[in-house]
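Residue 93 is where the sequence shown starts when you use the numbering used here, and the numbers rise one by one after that.
We treat Cβ as the ideally placed atom computed from N, Cα and C, and that holds for glycine.
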Amino acid sequence: MLARMDAHDDLDELMARLPKRSPREVFEELTAARRAAAATLPELTTIPVPSYPYGWSMLDHPLGGTMRFACVLGCGWYHDENPAREAAIAPLVMPLDPEKADEALTAQAENRAAVFRARVEITIAEHFDQAHPGR
């Protein structure tokens, strides 16, 4: 008589062949899951995912690194930003104490990111007010 086989038998066979995880690996996975669940969600934004029409690097094209934020409604409008060019223009202020250099660089990067985000959000909001009122 033929043995009856179903999808569960195949799955049981596959699971039996998988390597067994150590208690430490299971604990690390649970810890990572708890950390992820406790993490705060990123702040909501109106900024769409950018495209890079000239590539990622200024070595490939003079406008490389330019981020293009297109209208999510598909009207053809877009706003270009090149953070690398802005970073090259902005002065880099370093403290005299070398131990505070990392903190100073982080603070400046966070400030530039906040200014960048605000500028792009304002530009997108102005576009929506002009081209798509009420949306």
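Give the single residue among E105, E213, D189 and Y144 whose Cα lies nearest to the Cα of A176.
-> As a first step, residue 176 is located in the sequence shown; it is residue number 84 there, counting from the start. By alpha-carbon distance to A176, the top candidate from E105, E213, D189 and Y144 is Y144.
Quick one, are the C-beta atoms of A182 and R204 less than 8 Å apart?
-> Position 90 of the sequence shown, counted from the start, is the residue given in the question as residue 182. Position 112 of the sequence shown, counted from the start, is the residue given in the question as residue 204. In this structure, R204 lies closer than 8 Å to A182 by Cβ.
CB-CB length for V212 against E178, believed under 8 Å = Along the sequence shown, read from residue 1 onward, the residue named residue 212 stands at position 120. Along the sequence shown, read from residue 1 onward, the residue named residue 178 stands at position 86. That pair is no contact at about 12 Å.
Could you name the residues that DSSP lists as bridge partners for S143?
-> Stepping through the sequence shown from its first residue, residue 143 is reached at position 51. DSSP, once it has assigned bridges, lists R160 as partnering S143.
When DSSP labels each residue in this structure, what does H153 get in the three-state scheme?
-> Reading the sequence shown from its first residue, position 61 is the one you call residue 153. Correct three-state label for H153: coil.
Starting from the C-beta of T158, find all residues in its chain whose C-beta is less than 8 Å away, skip the five residues before and the five after it, and write them out in chain order.
-> Here residue 158 is taken as the residue at index 66 of the sequence shown, counted from 1. Once the five neighbours on either side are set aside, the close Cβ partners of T158 are Y144, P145, Y146, D172, E173 and N174.
Would a C-beta distance cut-off of 8 Å place P142 and F161 closer than the cut-off?
-> Within the sequence shown, the letter at position 50 stands for residue 142. Within the sequence shown, the letter at position 69 stands for residue 161. Contact flag set, yes.
Are the Cβ atoms of A196 and P187 separated by less than 8 Å?
-> Within the sequence shown, the letter at position 104 stands for residue 196. Within the sequence shown, the letter at position 95 stands for residue 187. The answer is yes: Cβ separation under 8 Å.
Express the C-alpha separation of H153 and I214 in angstroms, rounding to a whole number.
-> To locate residue 214, count along the sequence shown from 1; it is residue 122. To locate residue 153, count along the sequence shown from 1; it is residue 61. About 28 Å.
List the residues that DSSP assigns as beta-bridge partners of E173.
-> As a first step, residue 173 is located in the sequence shown; it is residue number 81 there, counting from the start. According to DSSP, which records beta bridges pairwise, E173 is partnered with M159.
What is the rounded straight-line gap between the Cα of T198 and the Cα of L184?
-> Here residue 198 refers to the residue found at position 106 when the sequence shown is read from its first residue. Here residue 184 refers to the residue found at position 92 when the sequence shown is read from its first residue. Their Cα atoms are separated by approximately 11 Å.
Own chain residues within Cβ distance below 6 Å of E117, not counting five before or after | Against the sequence shown, residue 117 aligns to sequence position 25. For E117, where only same-chain residues beyond five positions count, there are no Cβ hits under 6 Å.
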